[in-house]
Amino acid sequence: MNAIKPLPDLLISQIAAGEVVERPASVLKELVENSLDAGAGQIDVELIEGGVRSIRVADDGGGIDKAELPLALARHATSKIASLVDLERVASYGFRGEALASIASVARLTLTSRSRDAAHAWRIDAADLSLTPAALGRGTVIEAGDLYFNTPARRKFLKQEATEYAHCDEALRRMALARPDVAFSLAHNRSVKHRLAASDLSSRVRELLGEEFFNQTRVVTANAGELRLTGFAALPAYSRPGRDAQYFFVNGRFVRDKLLSHAVRQAYADILHGNRHPAYVLFLELDPAGVDVNVHPAKIEVRFREARGVHQFVFHALQRLLAAPLEQLAAPPNPAASYLAEPGWQPRRQTSLAVSEQTPSAYYDFVSAANGPAASPAGVAQEAPSAEESDPAPLGYALAQLHGIFILAQNAAGLVLIDMHAAHERILYEKLKASLSDAPPTQALLIPALFSASETELATAGEYATALVRLGFEISPAGPRQLAVRAVPALLANAAIAELVRALLADLRDFPESQVIDARRNELLATMACHGAVRARRSLSIPEMNALLRQMEATERADQCNHGRPTWTQMTLADLDRLFLRGR
Ligand SMILES: Nc1ncnc2c1ncn2[C@@H]1O[C@H](COP(=O)(O)OP(=O)(O)OP(=O)(O)O)[C@@H](O)[C@H]1O
Ligand SMILES: [Mg+2]
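Structure (structure tokens):
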């Protein structure tokens, strides 16, 4: 063993740089954050070769006095905090006083700055701390070149130019979203990539995330005590295959926080398929004392003092927003409304177009609703409404079933197309959720459903027996490789039991710990609903179809199925006219 020796300063900074300066994009982030902290209104970024060759950030902020230039590059020197109390309520991006020192230890760095009342600017070279007079109107220009020129091992980890540029672009987007009031420009290899004028959040979001995102979002504004959540959350129709459009800011700082992303995921869980990702730009504001930003060297993680409260707040705010029911129906943009005024127009009653076979009653819940008198609280509106009354059946009345997949219905506006399985799945899901808030009504099976099970399925059934009971199942081994299902949730009495239970066991097995079952119960319910829902190709009678429509109207969120697909769509008479080039 060698003797213990203090590390040289440069090496200390290089070690720190390992955490803060992961790639060109991290340099860009630190420099732009400094500009924002300096009160800049315009920030111009120029990159060469993905930022590896050079990153130049120019701002019109307050600048640095000549006397303080060497300190700006020194380790642990900052103008932003002076005490622990300051740290606990820090509102600036920077506070560690080490970003410039770290960058200077792994790149060639020069800083040119002119403070407000200086006669001219000064330039400092980090290599030798030499100061020379320079020409600059105002603000600060920092150039970092040849990243990792002195640490070849790290340089090897840099990716292709295009990849590094993409990371830089993303870093700039984050900051530009956080500060729409600041103008930004970004150039790569001398060609301009972004030119963003100072504006408001809506315009900035539109510009950076595109019209399509903007048009498919709901505006978020929620308050609870000291907590405030604002921004934009995309409807499931705009879900993404990746996490590329997820921006969460805490007190203006972009963060990647497990707690927050979990809260968001939960809020979308009901309406988004597991392998789709929600898109959002959200801003959480709270008392700086309630959040610790000094958790991660790059400040990308935070810790909340009231973690649970924050989670609940974010979850509920988003869930409420996304759950707003059938909004198109509440205020129908109804281009065909004139038809209502035509004398003698009535939504047509049921026709006998559907070729329906007689179905065993009580096969599905809506079937019994259709067949038994007043069997369902949702009721079955069989009477066509008169034009004057407010429409009791916004989704209209069933005309026929198409290929055993879609229901065609007629309402005041025109034609409604319903995805039968998706709609029923949604209804079942909401019912399961409601029924499980207390003891789920279960139905014992007269003849237990037996199925051959794998070792893992047997083990999972044993391990999660209590959880399964809470979900309404009674499952026990019936032999060395067999499971018997003796009771199921009443709502699912007619599902294909073996398949349903297999899917459920697979879900359970994938959970790392039993504690998370509560948190992921809705996912389990979604699996159950999917298996319980009426399958494609099953023919429904007209009363059954109408009962399904009435239940959809009564069900929250019936316009999205559990997997984020829409459950129905409206084609207005005007839409149909257009299809046939029929002038009116
Ligand atoms: N663009 C700039 N305009 C004005 N002052 C700046 C600028 N960049 C850096 N400074 C000054 O240099 C100091 C050091 O910057 P540096 O980024 O190293 O540390 P910091 O921002 O204080 O903390 P952190 O390490 O958390 O970023 C800052 O505290 C600030 O006073
Ligand atoms: Mg800084």
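Residue numbers for the sequence shown follow numbering that gives the first Met the number 0, beginning at 0 and rising by one.
Even for Gly, the Cβ is constructed at its ideal location relative to N, Cα and C.
Is it right to say residue i is buried, meaning 16 or more other beta carbons lie within 10 angstroms of its own, or is it exposed?
i: residue 527; result: buried
i: residue 166; result: buried
i: residue 578; result: exposed
i: residue 512; result: Because the pLDDT at residue 512 is just 46, under 50, the model does not fix this residue reliably, and the value given afterwards should be weighed accordingly. Residue 512 comes out exposed.
i: residue 294; result: exposed
i: residue 113; result: buried
i: residue 569; result: buried
i: residue 38; result: exposed
i: residue 276; result: buried
i: residue 22; result: buried
i: residue 459; result: buried
i: residue 342; result: In this predicted model, residue 342 has a pLDDT of only 31, less than 50, meaning its place in the structure is not dependable; the value taken from the coordinates is given anyway. Answer is exposed; the Cβ neighbour count stays below 16.
i: residue 348; result: With a pLDDT of only 30 at residue 348, under 50, the local geometry of the prediction cannot be trusted, and the value read off the model is given with reservation. Per the 10 Å Cβ criterion, exposed.
i: residue 402; result: exposed
i: residue 498; result: exposed
i: residue 515; result: Below a pLDDT of 50, predicted positions are generally treated as unreliable, and residue 515, at 49, falls in that range; the measurement from the model is reported next regardless. With fewer than 16 Cβ atoms within 10 Å of its Cβ, residue 515 is classed as exposed.
i: residue 292; result: buried
i: residue 75; result: exposed
i: residue 177; result: buried
Please state whether DSSP places residue i in a helix, a strand or coil.
i: residue 5; result: coil
i: residue 85; result: helix
i: residue 584; result: In the structure as shown, the chain begins at 0 and stops at 583. Residue 584 is therefore absent and cannot be evaluated.
i: residue 247; result: strand
i: residue 33; result: helix
i: residue 300; result: coil
i: residue 396; result: strand
i: residue 209; result: coil
i: residue 371; result: Legend: pLDDT at residue 371 = 42, less than 50; position of this residue unreliable, value from coordinates given subsequently. Here residue 371 sits in coil by DSSP.
i: residue 481; result: strand
i: residue 102; result: helix
i: residue 318; result: helix
i: residue 55; result: strand
i: residue 307; result: helix
i: residue 458; result: helix
i: residue 25; result: helix
i: residue 124; result: strand
Between residue i and ligand 2, is the CB less than 8 angstroms from at least one heavy atom?
i: residue 93; result: yes
i: residue 90; result: no
i: residue 86; result: no
i: residue 21; result: no
i: residue 99; result: yes
i: residue 225; result: no
i: residue 32; result: yes
i: residue 36; result: yes
i: residue 522; result: no
i: residue 29; result: yes
At a cut-off of 8 angstroms, is residue i close to ligand 1 when judged by its beta-carbon and the heavy atoms of the ligand?
i: residue 65; result: no
i: residue 62; result: yes
i: residue 136; result: no
i: residue 290; result: no
Out of the options, which one is the CA nearest neighbour of residue i?
i: residue 416; options: 161, 566 and 483; result: 566
i: residue 444; options: 286, 391, 489 and 523; result: 489
i: residue 297; options: 26, 258 and 2; result: 26
i: residue 92; options: 52, 301 and 505; result: 301
i: residue 564; options: 529, 547 and 60; result: 529
i: residue 150; options: 136, 20 and 249; result: 20
i: residue 504; options: 450, 270 and 287; result: 450
i: residue 572; options: 413, 454, 533 and 117; result: 413
i: residue 29; options: 452, 492 and 57; result: 57
i: residue 486; options: 74, 479, 480 and 500; result: 500
i: residue 129; options: 422, 97, 397 and 110; result: 110
i: residue 522; options: 502, 244, 406 and 55; result: 502
i: residue 173; options: 254, 95, 239 and 236; result: 254
i: residue 215; options: 201, 33 and 154; result: 201
i: residue 406; options: 540, 266 and 87; result: 540
i: residue 59; options: 191, 138, 118 and 50; result: 138
i: residue 307; options: 84, 259 and 66; result: 259
i: residue 478; options: 471, 239, 453 and 466; result: 453
Consider the C-beta atom of residue i and the heavy atoms of ligand 4; say whether any pair is separated by less than 8 angstroms.
i: residue 70; result: Absence of ligand 4 from the depicted structure is noted, with ligand 1 and ligand 2 being the only ligands included.
Original post:
Are the segment 59–72 and the segment 209–219 in contact at 8 angstroms, needing three or more beta carbon pairs?
Top reply: Verdict: no, contact absent.
Original post:
Are the segment 2–19 and the segment 31–49 touching by the rule of at least three beta carbon pairs closer than 8 angstroms?
Top reply: Segments in contact, no.
**OP:** Please determine if the segment 117–129 and the segment 154–174 are in contact, where contact requires at least 3 C-beta pairs separated by less than 8 angstroms.
**Re:** No, they do not touch.
**OP:** Determine contact between the segment 187–195 and the segment 78–88, defined as no fewer than three beta-carbon pairs at a distance below 8 angstroms.
**Re:** Because the criterion of three Cβ pairs below 8 angstroms is not met, the segment 187–195 and the segment 78–88 do not touch.
**OP:** Please confirm if the segment 312–319 is in contact with the segment 220–229, defined as three or more CB-CB distances below 8 angstroms between the two stretches.
**Re:** Segments in contact, yes.
**OP:** Would you check if the segment 100–117 and the segment 138–156 touch, i.e. whether three or more CB-CB distances between them fall below 8 angstroms?
**Re:** By the Cβ test, the segment 138–156 is in contact with the segment 100–117, since at least three Cβ pairs between them sit closer than 8 angstroms.
Original post:
Using 8 angstroms as the Cβ pair cut-off and three pairs as the minimum, do the segment 277–288 and the segment 229–244 touch?
Top reply: Taking a cut-off of 8 angstroms on C-beta distances, the segment 277–288 touches the segment 229–244, as three or more cross pairs fall below it.
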